[in-house]
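Student:
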Amino acid sequence: MSFSFLRFITSLLILLLAGCAGLAGLTKTWESDDTKNTDATVNTNADTPLVTTAQPTSNTNTANTSTTKHRSRHLPYVPDTATPWWALVANQESDNSTDEPWTIEEARRDTGHDDTITPLAQPENQLKNKDLWHRLRSGFQLDSQEHPLVRPYIEWYAKHQPYLDRVAERARPFLYDIVQEVEARGMPMEIALLPVVESAFQPFAYSSGRAAGIWQFIPSTGKHYGLKQNWWYDGRRDIPKATKAALDYLEHLHKRFDGDWLLALASYNSGEGRVARAVRKNKKKGRPTDFWSLDLPKETQGYVPKLLAISAIVQHHKTHGVTLTTIPDEPYLEPVDVGSQIDLALAAELAELPIETMYQLNPAYNRWATDPKGPHTLLLPIHKAETFRTALAKIDKKNRVRWERHRIRKGETLGHIARKFQTSVALLQEVNNIRDKWIRAGQSIIIPVATKNLQHYLSEDRRRVALQSTKRKGHKQHHTVKRGDTFWDISRKYNVKVSQLATWNGMSPKDTLKLGQQLVVWTKKPNRADRQFVSLPRSVTHQQVHYRVRKGDSLARIAQKFSVTIAKLRQWNSLKKGKYLQPGQRLTLYVDVTQQS
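Below you can see the structure in the form of structure tokens.
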């Protein structure tokens, strides 16, 4: 009997161990924002599982085939800005099979890594024509690239050439200025690569912890370091300002942890309070207090090794069979202070740039124009800056934003009017000298009106878009249906026939127009006053976010936190009415990053 009982216990233990191993292979580390220090940035890589922008399905071992060439130093670097970056990059992000590993276990599993320590090669002979990567290498200061926990990440990066190509292309406009700032402060040059780990250099990266921008600041830390956030503007996505704020924060952490950069970096990820507690805990037990010896969250345990790994890839790229896209060691962008609010569609036109490129270079602007109270600085490609200044000088300041007189109708509020004209209540109050929110029907107010680049207009109805996009004689314009609009009113405004207007939009003159519906109008002459604003494509401003339910959470609370509706939450997650959320349950959300300030 005792032998049978012992055999039963042994079999049970084997089954339990096998089950645990299976679960470990399936489990990813998802750290909800309640585990983070509220005064710290929240790390999320836009190419990682938290904010899913996935990689292409092509063979990830294929060497880089980029045709980018290094340009001679005596010639100006003229980048291609004709094609919107979102069109080049976002379309590739459809398969998450090569998401960057978050934990050491994931990196080992993805690369089949063993723990044999192979010494890194000595620094390689560099090209005679030195580029920005060479400058980065010459400023590296951090050791530990050969640490066993770093090796799996090095192997992961080495196996994913397309990922590195995309990151380099996103970094191209901004990396030079980041390197300049890091170098001026005498900081380790590895820090210039931190946005690779934080956001994969995606300017619109946004996390479930409400961290935004390439440096992934949460709102509270951003405000503490002077990053303005309001309806018009989010300084966390202002690349120059966020870079200075991030480096200020890292210098503070470096000083707090007695000059230990690895502890400073760990604190940037998980919070200085958490790291300080881990240090005190080890001191009490008589253990070492270096980064590698601390008990930290799994994400943080992988965070620092990932930075060291990408630095190793840059330093020894030939050894690892990686090709680095050439980035010239010269500035790409020039800041231009406009001095007053300006319509971004007008700014793009003056700079001879697509409006999408204007937003990609200036991702901090949430709306159709710069913040009325500033900042009004625009980052422009160097070869476009003078063109922009010359054109801007010919436009009076009062014409940088188009103003329209609006007669208040019965039942309208400032909120209704602000939403209708894509502006804010505060601005309406200021320009019309309205002290409170009470207004009277019949009263007239002036409103700043947005513009739209018709070439990039995106309709909600694809079938109708195909018809509306048909090339016809004349100049194509768009009209947004307003309350009270009829086919007759619109046809009179543009001096066209009702039957033509209906035909262009696949409708009958008897059909009912819907508020906000977009119509196409073809006129004999272009009408500059009727250009309308186009928002960035959803592929850029809308991010997929995974959120782990916490104790006390409700659908209403989560919906309010991320500025979405409860109905959408239910739809995205197939949640039935009456079914309660469970702590630990994972939800998927699609959030507009411009609405998260």
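Taking our numbering, the leading residue of the sequence shown gets 24, the next gets one more, and so forth.
Glycine included, every Cβ here is placed at the ideal spot set by N, Cα and C.
Measuring CB to CB, does E295 end up less than 9 Å from F314?
Tutor: For this step, residue 295 is matched to residue 272 along the sequence shown. For this step, residue 314 is matched to residue 291 along the sequence shown. Not closer than 9 Å, so no.
Student: Kindly list the residues whose CB is nearer than 7 Å to the CB of P504, restricted to its own chain and excluding five residues on each side of it in sequence; keep chain order.
Tutor: Residue numbering aside, residue 504 sits at position 481 when the sequence shown is read from its first letter. The question names Pro, but residue 504 is Val in the sequence shown. Excluding positions up to five away in sequence, the list reads L536, K537, L538, G539, Q540 and L542.
Student: Short check: CB of T400 to CB of D360, under 9 Å?
Tutor: Here residue 400 refers to the residue found at position 377 when the sequence shown is read from its first residue. Here residue 360 refers to the residue found at position 337 when the sequence shown is read from its first residue. Yes, the Cβ-Cβ distance between T400 and D360 is below 9 Å.
Student: With a threshold of 16 other CB atoms inside 10 Å of the CB of N456, please say whether the residue is buried or exposed.
Tutor: Counting from 1 along the sequence shown, the entry for residue 456 is found at position 433. Exposed.
Student: Do V448 and V460 count as a contact pair if the criterion is CB distance below 9 Å?
Tutor: Along the sequence shown, read from residue 1 onward, the residue named residue 460 stands at position 437. Along the sequence shown, read from residue 1 onward, the residue named residue 448 stands at position 425. Note that residue 460 corresponds to Lys in the displayed sequence, not to Val. Against a cut-off of 9 Å, the Cβ pair of V448 and K460 comes out as a contact.
Student: DSSP three-state label for E427, please.
Tutor: In the sequence shown, residue 427 corresponds to position 404, counting from 1. Strand, per DSSP.
Student: What separation, rounded to the nearest whole angstrom, lies between the Cα atoms of R580 and N253?
Tutor: As a first step, residue 580 is located in the sequence shown; it is residue number 557 there, counting from the start. As a first step, residue 253 is located in the sequence shown; it is residue number 230 there, counting from the start. Going from the Cα of R580 to the Cα of N253 covers about 21 Å.
Student: Can you give me the C-alpha to C-alpha distance between Y613 and I513, rounded to a whole angstrom?
Tutor: The residue you call residue 613 lines up with position 590 of the sequence shown. The residue you call residue 513 lines up with position 490 of the sequence shown. Each residue's alpha carbon lies about 35 Å from the other.
Student: Below 8 Å on the Cβ atoms is my guess for A235 versus R259; work out the distance and round it to an integer in Å.
Tutor: The residue given as residue 235 occupies position 212 in the sequence shown. The residue given as residue 259 occupies position 236 in the sequence shown. Yes, A235 and R259 are in contact; Cβ-Cβ is about 4 Å, under 8 Å.
Student: Between the region 330-343 and the region 173-190, can you find at least three pairs of beta-carbon atoms closer than 8 Å?
Tutor: Flag = yes, the region 173-190 and the region 330-343 touch.
Student: So the candidates are H275, L198, S230 and V454; which of them puts its Cα closest to the Cα of L217?
Tutor: For this step, residue 217 is matched to residue 194 along the sequence shown. Of H275, L198, S230 and V454, the residue nearest in Cα terms is L198.
Student: Tell me which same chain residues have a C-beta within less than 6 Å of the C-beta of I214, skipping the five on either side of it?
Tutor: One-based indexing of the sequence shown puts residue 214 at position 191. Taken in chain order, the residues that qualify are V205.
Student: For K621, count the other beta carbons within 10 Å of its own beta carbon; 16 or more makes it buried, fewer makes it exposed. Which is it?
Tutor: The displayed coordinates of the chain run from 24 to 620. Any statement about residue 621 would go beyond what the structure contains.
Student: Mark Q324 as exposed unless 16 or more other C-beta atoms lie within 10 angstroms of its C-beta, in which case mark it buried.
Tutor: Taking the first residue of the sequence shown as 1, we reach residue 324 at position 301. Q324 should be labelled buried.
Student: Leaving out the 5 sequence neighbours to the left and right, which residues in its chain are closer than 7 Å to A441 when beta-carbon positions are compared?
Tutor: Residue mapping note: residue 441 aligns to position 418 of the sequence shown, counting from 1. So the qualifying residues of the chain are S447, V448 and L451.
Student: For K267, tell me which candidate among A301, D200 and R233 has the shortest Cα-Cα distance.
Tutor: As a first step, residue 267 is located in the sequence shown; it is residue number 244 there, counting from the start. Ranking A301, D200 and R233 by Cα distance to K267 puts D200 first.
Student: With 16 other CB atoms within 10 Å as the buried threshold, where does A194 fall?
Tutor: Your numbering for residue 194 matches position 171 in the sequence shown. With 16 or more Cβ atoms within 10 Å of its Cβ, A194 is classed as buried.
Student: Taking the DSSP output, what are the residues bridged to Y388?
Tutor: Taking the first residue of the sequence shown as position 1, residue 388 is located at position 365. According to DSSP, which records beta bridges pairwise, Y388 is partnered with Y256.
Student: Please list the terminal residues of the continuous alpha helix (DSSP H) segment that includes I405.
Tutor: The sequence position of residue 405 within the sequence shown is 382, counting from 1. I405 to A416 is the span of the alpha helix (DSSP H), which, as asked, contains I405.
Student: Roughly how many angstroms separate the alpha carbons of D553 and Q500, rounded to a whole number?
Tutor: Numbered from its first residue, the sequence shown carries residue 553 at position 530. Numbered from its first residue, the sequence shown carries residue 500 at position 477. With a pLDDT of 41 at D553, under the threshold of 50, the modelled position of that residue is not reliable, and no figure is offered here.
Student: Using 10 angstroms around the beta-carbon of S355, count the other beta-carbons present and answer buried if the total reaches 16, otherwise exposed.
Tutor: Residue numbering aside, residue 355 sits at position 332 when the sequence shown is read from its first letter. What sits at residue 355 in the sequence shown is Tyr, not Ser. Y355 comes out buried.
Student: Below 7 Å CB to CB, which residues in the same chain sit around S316 once its five sequence neighbours on both sides are set aside?
Tutor: Locating residue 316 in the sequence shown gives position 293, counting from the first residue. Excluding positions up to five away in sequence, the list reads N305 and R310.
Student: Per DSSP, Q567 is paired with what?
Tutor: For this step, residue 567 is matched to residue 544 along the sequence shown. Answer is Y613, bridged to Q567.
Student: Looking at the structure shown, is D56 part of a helix, part of a strand, or coil, going by DSSP?
Tutor: For the purposes of this step, residue 56 is identified with residue 33 of the sequence shown, where counting begins at 1. A caution first: D56 carries a pLDDT of 35, below 50, which makes its placement in the model unreliable, though a value can still be read off. It is helical.
Student: L172: which of K321, T312 and Y229 sits nearest, CA to CA?
Tutor: Taking the first residue of the sequence shown as 1, we reach residue 172 at position 149. L172 has its Cα closest to that of K321, out of K321, T312 and Y229.
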